[in-house]
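If you're matching positions, the sequence shown starts at 10 in our numbering and goes up one per residue. The block underneath contains the structure these notes are about, expressed in structure tokens.
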Amino acid sequence: MSSLELQSTEFALEVQGGRFVRVILDDSGSRVFDYAVPEGVEVARGCRVRVPVRRRTVLGTVLEVTTATEASGVRFVAEVLKSDAGVNPALLELAVWMADYYACPLENALRAVLPQVIRKLEMTHQERQAVRLVEMPADEILASLEKRAPLQLAALRALEAEPGLMAVADLAKRTDASHAVVRALEKKGWVAVESQRVDRDPTRHEQFIEAPALALNAEQEVVFHKVCEALVPRAPDAAAPKPFLLHGVTGSGKTEIYLQAIQRVLEQGRSAIMLVPEISLTPQTVERFKSRFAATQHEVAVLHSHLSEGERHDEWHRIRSGKARIVIGARSAVFAPVEKLGLIVVDEEHEPSYKQEESPRYHGRDIAVLRGFMERCAVLLGSATPSLESYHNVKLGKYDLLTIKTRVDDKKLPYIRIVDMRMESKKQSAIISSKLLTALQQRIERREQSILFLNRRGFSTSMLCEKCGNVCQCPNCSVSLTFHKAANRLVCHTCGYIALAPTKCPECKDPGIRQQGTGTERVEDVVQKLFPKAVVRRLDADVLQRKAAFRETLAEFRVGKIDILVGTQMIAKGLHFPNVTLVGIINADLGLHLPDFRAGERTFQLLTQVAGRAGRGDVEGEVFVQSFTPFSPAIQFSRHHDFEGFWEQEIDFRRQWNYPPFTHLVLLSIRSPHQGRGELSAQTLAKRIAEDAPPGLILSEATPAPLEKSHGQFRFHLMLRTKSVPRLSRYLRAILDKLPFPEDVTVTVDVDAYQLM
Ligand code: ADP
Ligand code: ZN
Numbered sequence: 010m011s012s013l014e015l016q017s018t019e020f021a022l023e024v025q026g027g028r029f030v031r032v033i034l035d036d037s038g039s040r041v042f043d044y045a046v047p048e049g050v051e052v053a054r055g056c057r058v059r060v061p062v063r064r065r066t067v068l069g070t071v072l073e074v075t076t077a078t079e080a081s082g083v084r085f086v087a088e089v090l091k092s093d094a095g096v097n098p099a100l101l102e103l104a105v106w107m108a109d110y111y112a113c114p115l116e117n118a119l120r121a122v123l124p125q126v127i128r129k130l131e132m133t134h135q136e137r138q139a140v141r142l143v144e145m146p147a148d149e150i151l152a153s154l155e156k157r158a159p160l161q162l163a164a165l166r167a168l169e170a171e172p173g174l175m176a177v178a179d180l181a182k183r184t185d186a187s188h189a190v191v192r193a194l195e196k197k198g199w200v201a202v203e204s205q206r207v208d209r210d211p212t213r214h215e216q217f218i219e220a221p222a223l224a225l226n227a228e229q230e231v232v233f234h235k236v237c238e239a240l241v242p243r244a245p246d247a248a249a250p251k252p253f254l255l256h257g258v259t260g261s262g263k264t265e266i267y268l269q270a271i272q273r274v275l276e277q278g279r280s281a282i283m284l285v286p287e288i289s290l291t292p293q294t295v296e297r298f299k300s301r302f303a304a305t306q307h308e309v310a311v312l313h314s315h316l317s318e319g320e321r322h323d324e325w326h327r328i329r330s331g332k333a334r335i336v337i338g339a340r341s342a343v344f345a346p347v348e349k350l351g352l353i354v355v356d357e358e359h360e361p362s363y364k365q366e367e368s369p370r371y372h373g374r375d376i377a378v379l380r381g382f383m384e385r386c387a388v389l390l391g392s393a394t395p396s397l398e399s400y401h402n403v404k405l406g407k408y409d410l411l412t413i414k415t416r417v418d419d420k421k422l423p424y425i426r427i428v429d430m431r432m433e434s435k436k437q438s439a440i441i442s443s444k445l446l447t448a449l450q451q452r453i454e455r456r457e458q459s460i461l462f463l464n465r466r467g468f469s470t471s472m473l474c475e476k477c478g479n480v481c482q483c484p485n486c487s488v489s490l491t492f493h494k495a496a497n498r499l500v501c502h503t504c505g506y507i508a509l510a511p512t513k514c515p516e517c518k519d520p521g522i523r524q525q526g527t528g529t530e531r532v533e534d535v536v537q538k539l540f541p542k543a544v545v546r547r548l549d550a551d552v553l554q555r556k557a558a559f560r561e562t563l564a565e566f567r568v569g570k571i572d573i574l575v576g577t578q579m580i581a582k583g584l585h586f587p588n589v590t591l592v593g594i595i596n597a598d599l600g601l602h603l604p605d606f607r608a609g610e611r612t613f614q615l616l617t618q619v620a621g622r623a624g625r626g627d628v629e630g631e632v633f634v635q636s637f638t639p640f641s642p643a644i645q646f647s648r649h650h651d652f653e654g655f656w657e658q659e660i661d662f663r664r665q666w667n668y669p670p671f672t673h674l675v676l677l678s679i680r681s682p683h684q685g686r687g688e689l690s691a692q693t694l695a696k697r698i699a700e701d702a703p704p705g706l707i708l709s710e711a712t713p714a715p716l717e718k719s720h721g722q723f724r725f726h727l728m729l730r731t732k733s734v735p736r737l738s739r740y741l742r743a744i745l746d747k748l749p750f751p752e753d754v755t756v757t758v759d760v761d762a763y764q765l766m
């Protein structure tokens, strides 16, 4: 026995009858140890602590505080960190639930509920020197300063004019008074210098003009009234209000309802979280919130992936301390450490981007519903195209449905025309049908704006040799490389591999290699050639790489400097441009034939959302949907704005094949750089599960994933469907913990999977 261990045993004897904590160590695969708490030290569940492990100390999270331990050799906690840097109890509860449901290590779940910058103590608050007037010297002294030290006088006058603390830097800007001047004043006792905490506010350079609440129309009023009933604060033992699903067509004023409901919650002295998909967390969205709450702008915190570490740190602390009571953010903002939560809004609740694609693979909307239930607060899910899951929950009586059937001010929904591209394709360069061409021409003449949508970036989708049939493939993935014309490169959209575009076939050396298929870059190119005088711009992930380009292009589009905007799904969501009267969907079939049972649902949602960008101003909008399969239900129902119709036929299909929402889909993904080992592992796993599968489990065979190879890894799938997730998750974890897989094989569990490729 080492001397270290001996010492620890002695510790344990000393603290018998004291308090202990169960601590989960950071980055240690969820190992949990007991530690003793020194007398007089305060500690609670969720506290962050520093504890000894062998000869070092590491950070961890307190899972429980107890009065007994069965462990021997218990050592003391080295340090309990300040309570405002810990996980609050409600979020700890959520993390425990997530680990169980999503079959992931508790440590991963804890990492989701406390941002890394806070966990790792990587950041501190920013401080700056600030100065305050203590007393103004007598007049004769001031008079003498005028000649002797004019800068000192100027500084005093500036401080007198603006009582309170002023940053030394600000004072310097106003009066040229340097630090030396301030020090001189301090010495004489006229001013005091202290350090002041400053928040790194991502929107500090912007001014927001207050935008008052709008008078709700009759349909909005009904919805708002219902939501308000659920906002009445509840007794501690009362049940949680039922979540709402707000189904309102595009432009029906849903956001206005969110804003007013949040206002109500604030007036009650409580807080609200507003989730939006990352892609629609645009400056426009943030501005709308900041303007509505301009009078109390500091109460609005924004969380998104482009914040600097310092900004994230400060926003988190502003929320945690209760200074910011409205949180707007993408998926992970559902874990914002607000207390007295009154409302969680999930806008565009159907958006697949609410699902996190790495462990913990949680769904932001589902977590919002759960958190609402746990903290007994109202939850409002909104969409023009609700997910089948949520609509099903309405039918089951779990959610209350609220509907808005018309656009604000009775603006008409756009007129949608389907263009049968089979009739067009005989002609050359059939990217733009003749009908769409005429419509674009009209818009340019009338000085109205158009949007062209294609959910695929790049110039062409592949390069094909006409002689030998070779298609340029990514060496790491089973996908063809996309040609990007401006950069003259071939790019893999899966792993990012880049190669110079070849001038002849890499296989047979024939120069007849040509580009196939269409991406946004080609659409921009073709349209610009068709309308040389029009201003055509493009917005997709490639453009986004140039920082600020996104904002600039949107701003130019808004003021009418751009006639035609070409883009991917980046422009499909949430944007509101009154002068857009035409939307062209270049290829509606793109997502329709994917091997994914949600292909129809996604297409219906995307077409409806894109079409919703048209006709939001005074002129009625028009939409052209180009398709090679014009009679597919997703296209026909979206044409008639018929969500109910789409729902009826889609839900039948799901029921018949036992797909969600009738079951939960759990996808096991097995990856290895070695094809044979990957395949064998997948089959072994399938066999093992089949041996004693929980009752009611539908187990498919192990198959190569639709995307067979990615990032140099061969991929295999095993699809499970069940009615009871927690039981299956526990079962899977038990199996996976025991089954020995070869070292280069990775197995992941994705509960309620969305990404099936
Ligand atoms: P949605 O979120 O359903 O797409 P929005 O809330 O963005 O709809 O509303 C669309 C447009 O209508 C916005 O410009 C908004 O300012 C305006 N609007 C919303 N409600 C009203 C109202 N009651 N009166 C006047 N304009 C409104
Ligand atoms: Zn690749």
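Yeah, the Cβ is synthetic: ideal placement off N, Cα and C, and Gly gets one too.
Once DSSP output is grouped into helix, strand and coil, what is the label at His234?
Locating residue 234 in the sequence shown gives position 225, counting from the first residue. Helix.
* What are the boundary residues of the beta strand (DSSP E) that includes Val575? -> Sequence index remark: in the sequence shown, residue 575 carries index 566 (1-based). Here the beta strand (DSSP E) through Val575 covers 573-576.
Worksheet entry | For Met728, three-class secondary structure by DSSP | For the purposes of this step, residue 728 is taken as the residue at position 719 of the sequence shown. Met728: strand per DSSP, three-state reduction.
inquiry  = Just checking Leu223 against the ligand ADP - is the residue's beta carbon closer than 6 Å to any of the ligand's heavy atoms?
reply    = Mapped onto the sequence shown, residue 223 falls at position 214. Relative to the ligand ADP, the beta carbon of Leu223 is positioned inside 6 Å of a heavy atom.
Check your understanding: Thinking C-alpha only, which one of Arg663, Glu318, Ile376 is nearest Ala99?
Key -> The count along the sequence shown starts at 1 and reaches residue 99 at position 90. Comparing Cα positions, the closest option is Ile376.
Q. Based on Cα-Cα distance, which residue from Ile573, Phe606, Asp109, Thr394 lies nearest to Val592?
A. The count along the sequence shown starts at 1 and reaches residue 592 at position 583. Nearest C-alpha to Val592: Ile573.
Determine the contact status of Pro423 and Gly569, defining contact as a CB-CB distance below 7 Å. For this step, residue 423 is matched to residue 414 along the sequence shown. For this step, residue 569 is matched to residue 560 along the sequence shown. For the pair Pro423 and Gly569, the CB atoms are not nearer than the 7 Å cut-off.
- Ignoring anything shorter than 3 residues or poking outside the stretch 34-118, list the beta strand (DSSP E) runs there in chain order. Those beta strand (DSSP E) runs which fall completely within the stretch 34-118 and span 3+ residues are 41-46, 57-62, 65-75.
(request) Indicate, with yes or no, if the ligand ZN has a heavy atom lying under 6 Å from the CB of Thr503. (result) Position 494 of the sequence shown holds residue 503. Relative to the ligand ZN, Thr503 has its C-beta within less than 6 Å of a heavy atom.
Simplified DSSP state of Leu268, which is helix, strand or coil | On the sequence shown, residue 268 is found 259 positions in, with the first residue counted as 1. Collapsing the DSSP output to three states places Leu268 in a helix.
message: Determine whether the beta carbon atoms of Val619 and Phe750 lie at a separation below 7 Å.
response: The residue labelled residue 619 in the question sits at position 610 within the sequence shown. The residue labelled residue 750 in the question sits at position 741 within the sequence shown. Contact flag unset, no.
*asked:* Are there any heavy atoms of the ligand ADP lying less than 6 Å away from the beta-carbon of Glu265, as far as the coordinates show?
replied: For the purposes of this step, residue 265 is taken as residue 256 along the sequence shown, with counting starting at 1. Remark: the C-beta of Glu265 is in contact range of the ligand ADP, defined as less than 6 Å to any heavy atom.
field: Three-state class that DSSP yields for Thr184 in the structure shown
entry: The residue given as residue 184 occupies position 175 in the sequence shown. Residue state, collapsed to three classes: helix.
For Val772 and Phe468, what's the separation of their Cα atoms in angstroms?
It is not possible to answer for residue 772, since the shown part of the chain is limited to 10 through 766.
- Task: Mark Thr291 as exposed unless 16 or more other C-beta atoms lie within 10 angstroms of its C-beta, in which case mark it buried.
- Result: One-based indexing of the sequence shown puts residue 291 at position 282. Label assigned to Thr291: buried.
Quick check on Thr617: does DSSP put it in helix, strand or coil? Within the sequence shown, the letter at position 608 stands for residue 617. Under the three-state reduction of DSSP output, Thr617 falls in the helix class.
Checking 7 Å against the spacing of the C-beta atoms, do Ile460 and Arg625 come in under that value? As a working mapping, residue 460 is identified with position 451 in the sequence shown. As a working mapping, residue 625 is identified with position 616 in the sequence shown. Result no, Cβ atoms of Ile460 and Arg625 do not sit closer than 7 Å.
*Give a yes or no on whether the C-beta atoms belonging to Ala167 and Arg183 are separated by under 7 Å.*
Looking up residue 167 in the sequence shown gives position 158. Looking up residue 183 in the sequence shown gives position 174. For the pair Ala167 and Arg183, the CB atoms are nearer than the 7 Å cut-off.
Using the C-alpha atoms, what's the distance from Leu674 back to Arg374?
-> Against the sequence shown, residue 374 aligns to sequence position 365. Against the sequence shown, residue 674 aligns to sequence position 665. Spanning the two alpha carbons is a distance of roughly 17 Å.
- For Gly526, collect the residues of the same chain with a Cβ closer than 7 Å to its Cβ; drop the 5 residues on either side in sequence, then sort them by chain order. Mapped onto the sequence shown, residue 526 falls at position 517. Excluding positions up to five away in sequence, the list reads Ser469, Thr470, Ser471.
Cα-Cα separation between Ser39 and Arg120, rounded to whole angstroms = As a first step, residue 39 is located in the sequence shown; it is residue number 30 there, counting from the start. As a first step, residue 120 is located in the sequence shown; it is residue number 111 there, counting from the start. Looking at the backbone, the Cα of Ser39 and that of Arg120 are separated by about 11 Å.
Among residues of its own chain, excluding the 5 on either side of Pro361, which ones have a beta-carbon nearer than 6 Å to its beta-carbon?
The count along the sequence shown starts at 1 and reaches residue 361 at position 352. Contacts found: Tyr763.
*Jot down the residue ranges of each uninterrupted beta strand (DSSP E) in the stretch 311-342, minimum 3 residues, whole runs only, in chain order.*
Within the stretch 311-342, the runs of beta strand (DSSP E) that reach at least 3 residues and sit entirely inside it are, in chain order, 335-338.
Assigned exposure category for Trp325 - 16 Cβ within 10 Å defines buried
The count along the sequence shown starts at 1 and reaches residue 325 at position 316. It is buried - the Cβ of Trp325 has at least 16 other Cβ atoms within 10 Å.
Would you call Lys263 buried or exposed, if buried means 16 or more other Cβ atoms sit within 10 Å of its Cβ? Sequence index remark: in the sequence shown, residue 263 carries index 254 (1-based). With 16 or more other Cβ atoms within 10 Å, it is buried.
* Would you kindly work out how many angstroms separate the C-alpha atoms of Tyr668 and Asp761, rounded to a whole number? => Position 659 of the sequence shown, counted from the first residue, corresponds to residue 668. Position 752 of the sequence shown, counted from the first residue, corresponds to residue 761. Looking at the two C-alpha atoms, the distance is approximately 11 Å.
Review point. Taking C-alpha atoms, which residue in Arg739, Lys349, Val480 lies nearest to Leu521?
Key: Numbered from 1 along the sequence shown, position 512 holds the residue referred to as residue 521. Residue identity check: residue 521 is Gly in the sequence provided, not Leu. Of Arg739, Lys349, Val480, the residue nearest in Cα terms is Val480.
Residue range of the alpha helix (DSSP H) that includes Gln161: As a first step, residue 161 must be located in the sequence shown, where it is residue number 152. Residues 159-170.
Checklist entry - Out of curiosity, what's the CA-to-CA distance linking Leu165 and Pro369? => result Here the question's residue 165 lines up with position 156 in the sequence shown. Here the question's residue 369 lines up with position 360 in the sequence shown. Approximately 56 Å, taken between the alpha carbons.
Self-check item: Inter-residue CB distance, Ala393 and Gly257 (contact presumed, cutoff 8 Å)
Solution: For the purposes of this step, residue 393 is taken as the residue at position 384 of the sequence shown. For the purposes of this step, residue 257 is taken as the residue at position 248 of the sequence shown. Rounded, the Cβ-Cβ distance is 6 Å, consistent with contact.
(request) Taking only the alpha-carbon atoms, compute the straight-line gap between Pro587 and Met107 and give it to the nearest angstrom. (result) Counting from 1 along the sequence shown, the entry for residue 587 is found at position 578. Counting from 1 along the sequence shown, the entry for residue 107 is found at position 98. A direct Cα-to-Cα measurement between Pro587 and Met107 gives close to 42 Å.
What does DSSP give as the partner residue(s) for Lys718 in the beta ladder? Mapped onto the sequence shown, residue 718 falls at position 709. Paired residues: Phe723.
Given a cut-off of 7 Å on the beta-carbon distance, is the pair Lys444 and Val428 in contact? As a first step, residue 444 is located in the sequence shown; it is residue number 435 there, counting from the start. As a first step, residue 428 is located in the sequence shown; it is residue number 419 there, counting from the start. Yes, they are a contact pair.
Helix, strand or coil at Lys542 according to DSSP, with G and I counted as helix:
Residue numbering aside, residue 542 sits at position 533 when the sequence shown is read from its first letter. In the three-state DSSP reduction, Lys542 falls in the coil class, being neither helix nor strand.
Q: Report back the beta-carbon spacing between Thr75 and Arg31 to the nearest angstrom; my notes put them in contact at under 8 Å.
A: For the purposes of this step, residue 75 is taken as residue 66 along the sequence shown, with counting starting at 1. For the purposes of this step, residue 31 is taken as residue 22 along the sequence shown, with counting starting at 1. Contact flag correct, Cβ pair sits at about 7 Å.
Could you tell me if the beta carbon of Asn667 falls within a distance shorter than 6 Å of some heavy atom in the ligand ADP? Locating residue 667 in the sequence shown gives position 658, counting from the first residue. No.
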